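These notes concern the structure reproduced below.
Number of protein chains: 2
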Amino acid sequence: MEPGRAAPRPERADAARNRTRILAAAETLFRERDPGSVTMEDVARAAGVGRATLYRRYPDVRSIATALLDRHEYALQDRLLRGAPPLGPGAPPVDRLAAFYRAMVDLLERFGYLLRSAESGSARFTTGAYGFWSAHVRALLADAGTPHPEQLVDTLLAPLAPELYQRQRHDTGLTPEAVGDGLAWLAHRILAEPQG
Amino acid sequence: MEPGRAAPRPERADAARNRTRILAAAETLFRERDPGSVTMEDVARAAGVGRATLYRRYPDVRSIATALLDRHEYALQDRLLRGAPPLGPGAPPVDRLAAFYRAMVDLLERFGYLLRSAESGSARFTTGAYGFWSAHVRALLADAGTPHPEQLVDTLLAPLAPELYQRQRHDTGLTPEAVGDGLAWLAHRILAEPQG
DNA sequence: TTGAAACCGGACACCTTGTCCGGTTGGGAA
DNA sequence: TTCCCAACCGGACAAGGTGTCCGGTTTCAA
């Protein structure tokens with residue numbers, strides 16, 4: 070027994086049922102509408118629960134989208150840490166960076182409607198996921214011997230902003246493959262020998 | 070005389086006075102507070118005018134910040150078109166891109182509080198200024214013989230997002246010079262020979 | 001079966017937005 | 001200089017979202 074820490078009581082059945090309802094309703098709303106226009110009241114009404122019930126669990130709309138997004142981001146993080154090369158360890162930094170870019174494009178393509186709600190604007194930097202991506206890219210830069218990695222990390226992650234991807238896909242008319250090709254080309258220009 | 074087009078009547082004195090008051094009050098508010106938290110009501114109260122008077126001229130807070138920003142952006146655009154190299158025409162694309170990056174960092178440093186209000190999130194892409202910057206970079210890429218310039222334009226402008234610069238300066242702790250150095254290094258890696 | 005803790009949701013007060021309308025002011029025409 | 005209409009001004013209004021409070025209800029373990 071640990072005296073100082075009480076064992077967390079399992080979630081009550083009604084609470085679990087409401088959590089499921091809320092997440093399912095929110096997922097639908099994010100997918101079918103402009104993610105930025107979804108309000109807490111919308112989610113509560115669609116889920117069939119009161120506003121206070123919603124606020125009990127999630128302080129704002131962003132946190133709901135983050136909850137829906139978490140497992141997808143964790144899956145990619147696991148592949149970066151323990152997966153097969155070139156995404157995982159073992160390949161040259163330049164190839165790992167290109168693979169990372171393509172994997173992020175895939176994430177943006179599949180879950181853009183969640184990312185645009187969870188990580189738009191400055192909020193993007195405050196999520197745990199951003200910290201992971203930046204640590205990963207920083208390690209690749211350092212591994213390749215790039216001077217001043219910390220000057221470049223945020224710059225290299227900037228093109229993965231959800232709003233930007235949305236623009237490239239819809240306004241500029243690029244395909245996911247074209248966006249990935251552009252980023253992979255960038256990775257090669259930056260990390261391929263000779264370094265300067 | 071042009072029959073079809075009436076001469077625009079000069080602005081009335083009271084309207085001009087209110088316009089000046091509004092812009093001055095808004096400038097102060099943007100500078101001293103979080104630019105994202107400034108509301109139309111705040112500006113109206115600070116300027117000493119009614120809300121409807123404010124809405125008559127500016128449909129939202131963004132447009133006020135844009136009005137305050139315009140002449141600064143025009144000045145830089147003029148230097149890009151007609152100024153001395155390497156910012157203006159005449160220098161190799163790689164040097165022009167590096168100079169453009171440093172000039173934008175200077176703009177972000179001096180008027181970040183306006184840019185964060187006028188061009189945050191997806192709104193950034195809808196301004197006329199973004200169209201100018203992207204046309205400029207696209208021309209530099211094409212001039213340097215880079216393959217598929219349209220795949221790279223938005224990517225290369227992404228690091229100039231106001232939110233990102235704010236993060237680099239305050240969270241990461243970089244100096245304006247360090248940010249500019251990073252971007253200039255990037256420009257050289259991308260446009261310096263040999264192209265691939 | 002029972003009781004307390006956890007949960008639920010309607011209601012409330014506050015804030016912001018965007019528009020409407022009657023009163024006021026400015027400046028050219030007579 | 002006086003007149004008069006157009007342009008301008010700003011208080012008021014309705015709608016909608018946010019975050020919180022509190023009394024009633026449900027769950028689950030003893």
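Going down the list, the protein sequences come from chains A and B.
Offset between the first sequence (1-based) and this note's numbering: plus 69.
Offset between the second sequence (1-based) and this note's numbering: plus 69.
Every residue, glycine too, gets a C-beta built ideally from N, C-alpha and C.
Just so it is clear, the structure is predicted and the values come from calculations on it, not from any experiment.
Buried/exposed call for residue i, threshold 16 Cβ in 10 Å
i        : result
B:Glu142 : buried
A:Arg151 : exposed
A:Pro79  : exposed
B:Val121 : Correcting the residue identity first, residue 121 of chain B is Ala in this sequence and not Val. Result: exposed.
A:Thr215 : buried
A:Arg185 : buried
B:Thr195 : exposed
A:Pro158 : exposed
B:Thr224 : buried
B:Ala134 : buried
B:Gly242 : exposed
A:Pro154 : exposed
A:Arg140 : exposed
A:Arg81  : exposed
A:Glu262 : exposed
A:Phe119 : Going by the sequence as given, residue 119 of chain A is Gly instead of Phe. The residue is exposed, with fewer than 16 neighbouring Cβ atoms inside 10 Å.
Candidates the options, of which the one nearest residue i by Cα
i        : options                                : result
B:Leu226 : B:Tyr124, B:Glu188, B:Gly214           : B:Glu188
B:Arg171 : B:Arg238, B:Gly251, B:His239, B:Ala94  : B:Gly251
A:Asp129 : A:Met109, A:Ala136, A:Ala115, A:Ala113 : A:Met109
A:Gln220 : A:Pro161, A:Ala230, A:Arg238, A:Ser203 : A:Ser203
B:Ala93  : B:Leu145, B:Leu183, B:Val248           : B:Leu183
B:Pro218 : A:Glu232, A:Ala247, A:Arg131, A:Gly181 : A:Ala247
B:Arg179 : B:Glu96, B:Ala113, B:Arg81             : B:Glu96
B:Arg131 : B:Ala192, B:Gln146, B:Arg102, B:Pro155 : B:Ala192
A:Ala144 : A:Ala84, A:Asp212, A:Gln237, A:Ala198  : A:Ala198
A:Tyr234 : A:Tyr124, A:Glu101, A:Val163, A:Gly190 : A:Gly190
B:Leu255 : B:His205, B:Asp147, B:Val163           : B:Val163
B:Arg102 : B:Gly181, B:Arg81, B:Leu138            : B:Gly181
A:Thr89  : A:Ala253, A:Gly117, A:His239, A:Arg258 : A:Gly117
B:Leu176 : B:Pro154, B:Ala115, B:Arg81, B:Leu138  : B:Leu138
B:Ala115 : B:Arg140, B:Ala136, B:Arg125, B:Asn87  : B:Asn87
B:Ala160 : B:Asp212, B:Leu123, B:Tyr127           : B:Asp212
A:Asp240 : B:Gly119, B:Val222, B:Ala208           : B:Val222
B:Arg125 : B:His205, B:Leu260, B:Ala85, B:Gly200  : B:Ala85
A:Ala136 : A:Val107, A:Ile91, A:Asp111            : A:Ile91
Boundaries of the alpha helix (DSSP H) in which residue i is found, first to last residue
i        : result
B:His239 : 231-239
A:Leu183 : 162-187
A:Arg148 : 130-151
A:Tyr124 : 120-126
A:Glu110 : 109-116
A:Leu243 : Where A:Leu243 is concerned, there is no enclosing alpha helix (DSSP H), given that its DSSP letter is neither H nor E.
A:Ala94  : 82-101
B:Gly200 : 197-212
B:Leu226 : 222-226
Cβ separation of residue i and residue j, assumed to be a contact under 8 Å, to the nearest whole Å
i        : j        : result
A:Ala168 : B:Ala230 : So it is not a contact: roughly 25 Å between Cβ atoms.
B:Val174 : B:Pro245 : 6 Å
A:Arg165 : A:Leu210 : With 8 Å as the limit, A:Arg165 and A:Leu210 do not qualify as a contact, their Cβ atoms being about 11 Å apart.
B:Phe277 : B:Gln146 : In the structure as shown, chain B starts at 70 and stops at 265, and residue 277 of chain B therefore has no counterpart that could be examined.
B:Leu149 : B:His205 : 6 Å
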